[in-house]
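Engineer: Read in numbering that gives the first Met the number 0, the sequence shown has 176 at position 177, and its numbers run on one by one without any break. C-beta atoms are modelled at their ideal positions from N, C-alpha and C, and glycine is treated no differently.
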Amino acid sequence: MGFVDQFVEWANRGLGESDEAQEYLTGRGVSQDQWARHRLGFSGGDFSVDPGLDSGHDPAVCGDRDKKHLRCDSCRYIAWSSSWELVEGCARRQQTVGRRIARSIVFPLTNYAGQVVGFQVRSLDVKSYDTFTVSRRPEGYFFGIGPNMDAIWSSREVWLVEGGPDQLILERLVAPNVIALTTSAIGKLQLLFLRRFVRIVNLCLDIDAGGRKGVRSFFRFNAADFDTRD
Numbered sequence: 000m001g002f003v004d005q006f007v008e009w010a011n012r013g014l015g016e017s018d019e020a021q022e023y024l025t026g027r028g029v030s031q032d033q034w035a036r037h038r039l040g041f042s043g044g045d046f047s048v049d050p051g052l053d054s055g056h057d058p059a060v061c062g063d064r065d066k067k068h069l070r071c072d073s074c075r076y077i078a079w080s081s082s083w084e085l086v087e088g089c090a091r092r093q094q095t096v097g098r099r100i101a102r103s104i105v106f107p108l109t110n111y112a113g114q115v116v117g118f119q120v121r122s123l124d125v126k127s128y129d130t131f132t133v134s135r136r137p138e139g140y141f142f143g144i145g146p147n148m149d150a151i152w153s154s155r156e157v158w159l160v161e162g163g164p165d166q167l168i169l170e171r172l173v174a175p176n177v178i179a180l181t182t183s184a185i186g187k188l189q190l191l192f193l194r195r196f197v198r199i200v201n202l203c204l205d206i207d208a209g210g211r212k213g214v215r216s217f218f219r220f221n222a223a224d225f226d227t228r229d
């Protein structure tokens, strides 16, 4: 099991132990059944990562600042999730892994086969999202696709939203074939998935500059491939 799967399991246990995180979700209309189906989580502490257990870890590469783009996934997570803070009695700032994403809801990101390839986090304290994905992911990823793949396959129709919270609400109110992009733009691998499995696309992106740009771009370059509804 890779560290991303371990993180999702750890965060899922954290959600079960956090009344505050559970109240946050129920207050936004998310059911406990959805917590379980989508393996939602809560990052309430510091998740320990050992790069030495990562098959892609190379100390010579991961320790080279000029080769950040070649780091293993574990080292990338450490750098991505860390904060550097002053500690009393220390002249230099100390690194705390996981501190930057503490107190965040965790939305696992998977491909259509249900394999976890990353996660998106949403802070309880501010409306702030951030996303981590593994380097090698040959297929498009979404939030919500694993549990809803059968509905997408049978209907050949999908509802596209931007974030995990939007997906969870629309899934309850409209239909199960709802997936989240995690951004307002549709990536190349995500588009390949849509062309392979879907005929009807219902775009429900945010009504802001990014969302409007995403809708215009999709209609401009891909309208001929789908029956698209906005």
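#1: Exposed or buried, which one is Trp83 when buried takes at least 16 other CB atoms within 10 Å?
#2: Are the CB atoms of Val197 and Ile151 nearer to each other than 8 Å?
#3: Between Thr105 and Gly40, which are expected to be in contact by the criterion C-beta below 8 Å, what is the C-beta distance as a whole number of angstroms?
#4: Can you tell me whether Glu170 is buried or exposed, with buried defined as 16 or more other CB within 10 angstroms of its CB?
#5: Can you say whether Glu161 is buried or exposed, counting buried as having 16 or more other CB atoms within 10 angstroms of its CB?
#6: Hey, quick one: how far does the alpha helix (DSSP H) through Arg7 stretch, first residue to last?
#7: Taking DSSP as the reference, what is the three-state secondary structure of Thr25?
#8: Report the rounded CA-to-CA distance for Ile100 versus Tyr23, giving the unit in angstroms.
#9: Under three-state DSSP, which class holds Tyr140?
#10: Would you mind stating whether Gly97 and Phe46 have Cβ atoms separated by less than 8 Å?
Structural biologist: Reading it off the structure:
#1: Numbered from its first residue, the sequence shown carries residue 83 at position 84. Flag for Trp83 reads exposed.
#2: Against the sequence shown, residue 197 aligns to sequence position 198. Against the sequence shown, residue 151 aligns to sequence position 152. Yes. Within cutoff.
#3: If you number the sequence shown from 1, residue 105 lands on position 106. If you number the sequence shown from 1, residue 40 lands on position 41. Inspection of the sequence shows that residue 105 is occupied by Val rather than by Thr. Contact holds; Cβ gap of about 4 Å.
#4: Working through the sequence shown from its first residue, we reach residue 170 at position 171. That one is buried.
#5: Against the sequence shown, residue 161 aligns to sequence position 162. The residue is buried, with at least 16 neighbouring Cβ atoms inside 10 Å.
#6: Working through the sequence shown from its first residue, we reach residue 7 at position 8. Before going on, a small fix: residue 7 reads as Val here, not Arg. DSSP places Val7 in the uninterrupted alpha helix (DSSP H) bounded by 2–16.
#7: Residue 25 sits at position 26 when you count from the first residue of the sequence shown. Thr25: helix per DSSP, three-state reduction.
#8: Translated into the one-based positions of the sequence shown, residue 100 becomes position 101. Translated into the one-based positions of the sequence shown, residue 23 becomes position 24. Those two C-alpha atoms are separated by around 16 Å.
#9: Sequence index remark: in the sequence shown, residue 140 carries index 141 (1-based). Residue state, collapsed to three classes: coil.
#10: Numbered from its first residue, the sequence shown carries residue 97 at position 98. Numbered from its first residue, the sequence shown carries residue 46 at position 47. Yes, the pair counts as a contact, with Cβ atoms nearer than the cut-off.
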